[in-house]
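Structure first, commentary second.
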Amino acid sequence: MNYCPTCGTKLITKIDGIDGETPYCETCQKFVYPTFNSAISSIILNPAMDHILLIEQYQSKANILVAGYVMKGEEDIITLQREIKEEVDLDITGFYYNDDAYYKKTNTLLHNYIVIASSMDYHLTNEVDEAMWFPLDQAKEMIKPHSLAEHFLLEGLKKIPHLSKEDFNTNFTKRAF
Numbered sequence: 029m030n031y032c033p034t035c036g037t038k039l040i041t042k043i044d045g046i047d048g049e050t051p052y053c054e055t056c057q058k059f060v061y062p063t064f065n066s067a068i069s070s071i072i073l074n075p076a077m078d079h080i081l082l083i084e085q086y087q088s089k090a091n092i093l094v095a096g097y098v099m100k101g102e103e104d105i106i107t108l109q110r111e112i113k114e115e116v117d118l119d120i121t122g123f124y125y126n127d128d129a130y131y132k133k134t135n136t137l138l139h140n141y142i143v144i145a146s147s148m149d150y151h152l153t154n155e156v157d158e159a160m161w162f163p164l165d166q167a168k169e170m171i172k173p174h175s176l177a178e179h180f181l182l183e184g185l186k187k188i189p190h191l192s193k194e195d196f197n198t199n200f201t202k203r204a205f
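According to my numbering, the sequence shown holds residues 29 to 205 in order.
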């Protein structure tokens, strides 16, 4: 970050206690800390936990995972439910944290979850071009190669055989702090 996001002044470097050298705006007289986007990504399992739903979006024929940005004030679990409903019109009955990774191209930290769908009856929305259920062993062959979606899927496929439905969190209640 080279310029203040508030006023546009070129930032200087100044010592900020234990953080050390930190970007500083002389006009606003404040330290400027890095910001990034936050998003979710989901490995959607069918109720029997033996198939994964992959989607195609934006006229691309590459299979990817359902994903979406966390909105301001929204928790990732709420985003997870919302994005799955918006993209494939499915409800989920449980979620299990899988992995996270930073995607430099969009300055986004993605949180990936393995989820169980309430049914296999998805409905395409205007956000998705195609969707298809794949057996677990075929999903890794069908996912977009060399992508973050592939990374998340491969990590998830290591865990799924060892998971039972009891391992999935079913508490979707928003936490209040």
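Quick reminder that beta carbons are idealized off the backbone N, C-alpha and C, glycines included.
All figures in this text were calculated on a predicted structure; none of them were measured in a lab.
(request) Can you have a look at H151 and say buried or exposed, based on whether 16 or more other CB atoms are within 10 angstroms of its CB? (result) Exposed is the label assigned to H151, since fewer than 16 other Cβ atoms lie within 10 Å of its Cβ.
(request) Hey, could you find the ends of the beta strand (DSSP E) D44 is sitting in? (result) That run of the beta strand (DSSP E) goes 40-44.
(message) So, for P62: in the same chain, excluding its five sequence neighbours on each side, which residues have a beta-carbon less than 7 Å away from its beta-carbon?
(response) For P62, where only same-chain residues beyond five positions count, the Cβ hits under 7 Å are M29.
(message) On the criterion of 16 or more Cβ atoms from any shown chain inside 10 Å, does L93 qualify as buried, or is it exposed?
(response) Counting Cβ neighbours within 10 Å, L93 comes out buried, since at least 16 surround it.
(request) Starting from the C-beta of G52, find all residues in its chain whose C-beta is less than 8 Å away, skip the five residues before and the five after it, and write them out in chain order. (result) The question names Gly, but residue 52 is Tyr in the sequence shown. The residues are L39, I40, T41, K42, D44, K58, F59, V60.
(request) Report back the beta-carbon spacing between H139 and D165 to the nearest angstrom; my notes put them in contact at under 8 Å. (result) 26 Å between Cβ atoms; not a contact.
(request) Hey, could you find the ends of the beta strand (DSSP E) A95 is sitting in? (result) Segment 94-97, the beta strand (DSSP E) holding A95.
(request) Leaving aside the five residues before and after I188 along the sequence, list all residues of the same chain whose C-beta is less than 6 Å from its C-beta, in chain order. (result) Hits under 6 Å: none found.
(request) Could you check the C-alpha separation between F196 and C32 for me, to the nearest Å? (result) Distance between the alpha carbons of F196 and C32: 42 Å.
(message) Using only the alpha-carbon positions, how far apart do A90 and A167 sit?
(response) Going from the Cα of A90 to the Cα of A167 covers about 12 Å.
(request) Would you list the residues sitting across from A145 in a DSSP beta bridge? (result) Bridge partners of A145: I120.
(request) Give a yes or no on contact between the stretch 119-131 and the stretch 142-157, applying the rule of three or more CB pairs nearer than 8 Å. (result) Flag = yes, the stretch 119-131 and the stretch 142-157 touch.
(message) Just to confirm the assignment, what range does the beta strand (DSSP E) spanning H79 have?
(response) 79-84 is the extent of the beta strand (DSSP E) around H79.
(request) Decide if S70 is buried, meaning its Cβ has at least 16 other Cβ atoms within 10 Å, or exposed. (result) By the C-beta density criterion, S70 is buried, having at least 16 other C-beta atoms within 10 angstroms.
(message) Quick check: the Cα distance between E178 and G48, rounded to an integer number of angstroms?
(response) Answer to the nearest angstrom: the Cα atoms are 37 Å apart.
(message) Quick check on D127: buried or exposed, where buried means 16 or more other Cβ atoms within 10 Å of its Cβ?
(response) D127 should be labelled buried.
(request) Find the nearest neighbour of L219 within the set S192, E169, H174, judged by alpha-carbon distance. (result) Because the chain spans 29 through 205 in this model, residue 219 falls outside it and cannot be assessed.
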